[in-house]
Amino acid sequence: MLSMDLFRNQVDKIREDHNKRGLSHESIDRVLALDEEWKGALKEMENSRRERNLAAKGIAEAKKTGDVATSEKIMSDVKNLGEVISALDKKANSLLEERDKIRMSIPNLLHNAVPVGEDEGGNTQHSLHGVKPDFSFEPRTHNELIEMNKWVDLERAAKIAGSRFFFLKGDLARLEMALQSYAVDFLVNRGFTFVQPPVMMNRPAYEGVTDLSDFETVMYGITPDPLYMIATSEHPLTAMYMDEVIEPSLLPIKMVGVSACFRREVGAHGLSDRGIWRVHQFTKIEQIVISHPDESWDHHEDLLQNCVDLWDELGLHYEVVNICTGDMGTVAARKYDLEAWLPGANAFKEIVSCSNCTDYQANRLRMRYRTSDGNAAVHTLNSTAVATSRALVAIMEQNQLEDGRVTVPNCLVSMMGGKTHLEPCKW
RNA sequence: GCGGCGAUCGCAUAGCCUGGCCAUUGCGUCGGAUUGCUAAUCCGAUGGGUGUUCCCGCGGGGGUUCGAAUCCCCCUCGCCGCGCCA
131 MLSMDLFRNQ VDKIREDHNK RGLSHESIDR VLALDEEWKG ALKEMENSRR
181 ERNLAAKGIA EAKKTGDVAT SEKIMSDVKN LGEVISALDK KANSLLEERD
231 KIRMSIPNLL HNAVPVGEDE GGNTQHSLHG VKPDFSFEPR THNELIEMNK
281 WVDLERAAKI AGSRFFFLKG DLARLEMALQ SYAVDFLVNR GFTFVQPPVM
331 MNRPAYEGVT DLSDFETVMY GITPDPLYMI ATSEHPLTAM YMDEVIEPSL
381 LPIKMVGVSA CFRREVGAHG LSDRGIWRVH QFTKIEQIVI SHPDESWDHH
431 EDLLQNCVDL WDELGLHYEV VNICTGDMGT VAARKYDLEA WLPGANAFKE
481 IVSCSNCTDY QANRLRMRYR TSDGNAAVHT LNSTAVATSR ALVAIMEQNQ
531 LEDGRVTVPN CLVSMMGGKT HLEPCKW
């Protein structure tokens, strides 16, 4: 959410941003109009309140001196003031609510370096990493590999849970766990604190971190409790300091979170989504930084560098992409994606998303830090380290051998009990 | 799940019984002053807001009242005990 200060004093910045995104200015104008209306209503209410406060003082004084006549006169004069105030209060509140409802839907201001484009076709390559694998045979898709090696059971998962769920078995399941340990160790060594979050959140906290439309298309609601399954540990970890004033000496707060992630994936279909690429439940290791506003762009580059180093060590071929204006979403001000090369699909596909959300989530969450000049919003950043199901797909497809076995990345061998290749599962 | 107790500005606290001055005090943090002593002392600031001599704010929501941190009801969370339990 953009601060009201921005609307009142620098609205041209918001307008320029909307032009870049190709959005109409209707919402901006509506926020400004409602803000003026709200100010008017509030002024009216405050005047009545002041009147009541003065009267209350008069009554107190009169009663002290035993002046019954005066106190009773004032009391009858202001008897209906309470109702007037509560009516004005209601009016002001509904205007404020309406203003902020619209404000919630207005996207974050983009960083200047974000390329302008209508959709994902406008994304630009930032850098290319690793070596494209060269096969002496026709490489298999990950779907073929998990089937021939019996590493994943989609049918039985569908039977007991539904489509897009999976059982992970044997060496591939073990590799999944190795990836978790590897990624956590990697980031702990770079000064991040390992945090395991709740996997359910209440609505008020959730509204602080995500686009409102996500409640319809992304999150699972829990019955009968008013909770939502998290779509990523970014959400609980970012909301962790909701409604708090953070001591500046604590900044930056750097966390590496691991959790199961749950996504409804409404509307997602297609051949490319089969297997374990797009699923309702997967595990993700996530980097989170809560930062001083002046340092967030440096942290954003650090988060990307951590990903690059981590994925280089896995020995994979991938590219880093600058996400363009049309593909950005509401929360991030700038975003890099890592896209891994999938030989089976003959394409680069998204495995990591690295965002600086500046003060957008912090404003919604009322997450501030103390300054000599009052409290100010912090900045929040998040980046995937490893989404294990997608990392497994990339490793399987890039490291496959002609017989269908898969070479374990060197950095994971020790966590696989010395095993250098994934062997088929017997059943 | 049951019973008891609680929630006050970054933290800790007073005020609540008995409704009415500016929500008290300590600590921490920040700013300033001063002094030769690894620092001390003094002063100031330190929840939010459209109108900043004003208004709001005492976990959230409702109610009573001319007036609620204070009285009543509901909810949330926490602590203690009991029950259940991986």
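Per my numbering, the first sequence starts with residue 131, numbered consecutively. Even for Gly, the Cβ is constructed at its ideal location relative to N, Cα and C. A quick note: this is a predicted structure, and the numbers were derived from the prediction, not measured.
| Item | Value |
| --- | --- |
| 7 Å Cβ shell around S421 - same chain, five flanking residues per side excluded | L381, P382, H429, V508, H509 and L511 |
| Assigned exposure category for D142 - 16 Cβ within 10 Å defines buried | exposed |
| Segment contact flag, the region 459-469 with the region 485-504, C-beta cutoff 8 Å, min 3 pairs | yes |
| R304, DSSP secondary structure in three states | helix |
| Completely contained alpha helix (DSSP H) runs for the region 298-360, where each covers 4 or more residues | 300-318, 333-339 and 344-347 |
| Spatial neighbours of Y371 in its chain, beta-carbon cut-off 7 Å, leaving aside the 5 residues before and after | I420 and M497 |
| Under the three-state DSSP convention, the category I525 falls into | helix |
| Best match in K549, D135 and H272 for proximity to W471 [C-alpha to C-alpha] | H272 |
| K209 versus G188 - alpha carbon distance | 14 Å |
| Element boundaries [alpha helix (DSSP H), containing F137] | M134 to N139 |
| Helix, strand or coil at R500 according to DSSP, with G and I counted as helix | strand |
| Limits of the unbroken beta strand (DSSP E) element including D249 | From DSSP, D249 is part of no beta strand (DSSP E); its letter is neither H nor E. |
| Cutoff 7 Å; reference G338; Cβ partners in own chain excluding five residues on either side | A369, M372, Q491, R494 and L495 |
| Proximity to D457 [Cα-Cα], best of N139, R151 and L132 | R151 |
| Beta-carbon proximity list for P269, same chain, < 7 Å, skipping 5 on both sides | P473, G474, E527 and Q530 |
| CB of R535 within 8 Å of CB of I481, strictly | no |
| Reference M307; option with closest CA among W557, V538 and R233 | V538 |
| N486, enclosing beta strand (DSSP E) - first and last residue | A477 to N486 |
| Beta-carbon proximity check, G260 vs Y448, cutoff 8 Å | yes |
| Own chain, CB closer than 6 Å to M278, minus 5 neighbours either side, in chain order | G534 |
| Inter-residue CB distance, V329 and A390 (contact presumed, cutoff 8 Å) | 6 Å |
| Simplified DSSP state of L552, which is helix, strand or coil | strand |
| Meets three-Cβ-pair contact criterion under 8 Å: the region 188-200 and the region 245-253 | no |
| Cβ separation of L561 and I144, assumed to be a contact under 8 Å, to the nearest whole Å | Only positions 131 to 557 of the chain appear in this structure, which leaves residue 561 out of reach. |
| Classification of D344 by the beta-carbon crowding that lies within 10 angstroms, buried from 16 upward | buried |
| Opposing strand residues paired with T537 [DSSP bridges] | H551 |
| Reduced DSSP category for D489 - H, G, I as helix; E, B as strand; rest coil | coil |
| Limits of the unbroken beta strand (DSSP E) element including D165 | Segment E156 to K194 is the alpha helix (DSSP H) holding D165; no beta strand (DSSP E) there. |
| K384 (DSSP reduced to helix, strand or coil) | strand |
| Alpha-carbon to alpha-carbon, P263 and H551 | 17 Å |
| Contained alpha helix (DSSP H) runs [length at least 4] in the region 417-457, N- to C-terminal order | 426-443 |
| Simplified DSSP state of S257, which is helix, strand or coil | strand |
| Helix, strand or coil at A199 according to DSSP, with G and I counted as helix | helix |
| Residue closest to G393, alpha-carbon to alpha-carbon, out of T413, S379 and V375 | The sequence shown places Arg at residue 393, rather than the Gly named in the question. Among T413, S379 and V375, the Cα nearest to that of R393 is on T413. |
| Distance CB(N436)-CB(H256) smaller than 8 Å | no |
| From S311, C454, F478 and T501, residue whose alpha carbon lies closest to that of E377 | T501 |
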